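Colleague: So the protein sequences, as listed, match chains A and B.
FYI, in the numbering used here the residues of the first sequence are 1 to 115.
FYI, in the numbering used here the residues of the second sequence are 1001 to 1114.
For every residue, glycine included, the Cβ atom is placed at its ideal position computed from N, Cα and C.
As the structure is a computational prediction, the values presented were derived from the model and not from experiment.
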Amino acid sequence: DGGITQSPKYLFRKEGQNVTLSCEQNLNHDAMYWYRQDPGQGLRLIYYSQIVNDFQKGDIAEGYSVSREKKESFPLTVTSAQKNPTAFYLCASTPGGMAYNSPLHFGNGTRLTVT
Amino acid sequence: AQSVTQPDIHITVSEGASLELRCNYSYGATPYLFWYVQSPGQGLQLLLKYFSGDTLVQGIKGFEAEFKRSQSSFNLRKPSVHWSDAAEYFCAVGDNFGNEKLTFGTGTRLTIIP
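1. Between A:Phe106 and chain B, is there a C-beta pair that is closer than 9 angstroms?
2. Which same chain residues end up closer than 6 angstroms to B:Val1057 when comparing Cβ atoms and leaving out the 5 residues on each side of it in sequence?
3. Does any CB atom of chain A fall closer than 9 angstroms to the CB of B:Gly1062?
4. For B:Glu1015 and B:His1082, I'd like the C-alpha separation in whole angstroms.
5. Applying the 10 Å Cβ sphere with the 16-neighbour rule, what's the burial state of A:Thr5?
6. Determine the chain A residues that contact B:Thr1106 at a beta-carbon separation under 9 angstroms, and present them in chain order.
7. Specify, as a first and last residue, the run of the beta strand (DSSP E) that B:Ala1087 falls within.
8. Can at least three beta-carbon pairs, one atom from the stretch 1038 to 1045 of chain B and one from the stretch 1003 to 1019 of chain B, be found at a separation below 8 angstroms?
9. Assign B:Thr1103 to one of two classes, buried (16 or more other C-beta atoms within 10 Å of its C-beta) or exposed (fewer than that).
10. Shorter than 9 angstroms from the beta carbon of A:Ile60 to some beta carbon of chain B?
11. How long is the line joining the alpha carbons of B:Gly1107 and A:Lys70, rounded to whole angstroms?
12. Which partner residues does A:Val52 have in the DSSP bridge list?
13. Could you check the C-alpha separation between B:Val1013 and A:Ser80 for me, to the nearest Å?
14. Taking the beta carbon of A:Pro103 as the centre, do at least 16 other beta carbons fall within 10 Å, making it buried, or is it exposed?
15. Assuming B:Val1004 is part of the beta strand (DSSP E), what are its boundary residues?
16. In its own chain, which residues sit with a C-beta less than 7 angstroms from the C-beta of A:Gly58, not counting the 5 before and 5 after it?
17. For the stretch 1045 to 1072 of chain B, list every residue whose C-beta sits within 8 angstroms of some C-beta in chain A, in sequence order.
18. Rounded to a whole number of angstroms, what is the C-alpha to C-alpha distance between A:Ala61 and A:Gln82?
19. Compute the Euclidean distance between the alpha carbons of A:Glu15 and A:Val78, then round it to the nearest angstrom.
20. Using a Cβ-Cβ cut-off of less than 9 angstroms, list which residues of the stretch 1001 to 1034 of chain B approach chain A; keep chain order.
21. I'd like to know whether the C-beta atoms of A:Arg36 and A:Phe55 end up nearer to each other than 9 angstroms.
22. Who are the neighbours of A:Leu90 on chain B, taking C-beta pairs under 8 angstroms?
23. Contact defined as beta carbons within less than 8 angstroms: I believe A:Val114 pairs with A:Thr86. What is the distance between those atoms, to the nearest angstrom?
24. Going by CA-CA distance only, name the one from A:Gly63, A:His29, A:Gly107, A:Pro95 that's closest to A:Gln17.
25. Can you check whether the C-beta of A:Leu21 is within less than 9 angstroms of a C-beta belonging to chain B?
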């Protein structure tokens, strides 16, 4: 079955360390997204990519970086510059439309805890 | 800028009872509207979407939603809930100006009591 795989499910890091979250999809989708979810808040867009080797900042990109070297992979690095990195991170994709009119397919998320 | 309001943070209903989750949006034109469901520790799954046409849309798991332009609402309904419907529900709105802006509401957590 096709889907989105996020790994690891839980991640623990010390403050000041960079950490990379993995997102792989075998849906052959063109567009991929990273969202951050905090308790009591909706999802907020960090970065998105509509095509290989191209990506754009979302609403809360500061302290994060991404790459899109392959269609199926869109890793997210949480840098030490991110002031409050502890959160639940969700990766998503769409077949080729835009997120505003094409349903998102989500992975099961990575819960990052930074102490 | 568009916005989405889900006024109910937490709703508790009895199994077998009807359900209505509220969603109000602020947007100038006809928006693209979505309802997603999230089980604990999981990603989100699309329940249904409205782009145009019939204002009553059917989704998966027996859910439906009605777009009411006059009230700027897109409420989610189910005639009889099951214990497995316990989850968090998110309404989302997209604009059609060619950007990736999809705005999510803050979610409504649904608890089912036997």
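Modeller: With the structure as the only source:
1. yes
2. Leu1048, Tyr1050, Ala1065
3. no
4. 5 angstroms
5. exposed
6. Gly40, Gln41, Gly42
7. 1087 to 1094
8. no
9. buried
10. no
11. 33 angstroms
12. Its beta-bridge partners do not exist; DSSP assigns none.
13. 43 angstroms
14. buried
15. 1003 to 1005
16. Leu45, Ile46, Tyr47, Tyr48
17. Gln1045, Leu1046, Lys1049, Phe1051
18. 9 angstroms
19. 11 angstroms
20. Val1004, Gln1006, Ile1009, Pro1031, Tyr1032, Phe1034
21. no
22. Gly1043, Leu1044
23. 5 angstroms
24. A:Gly63
25. no
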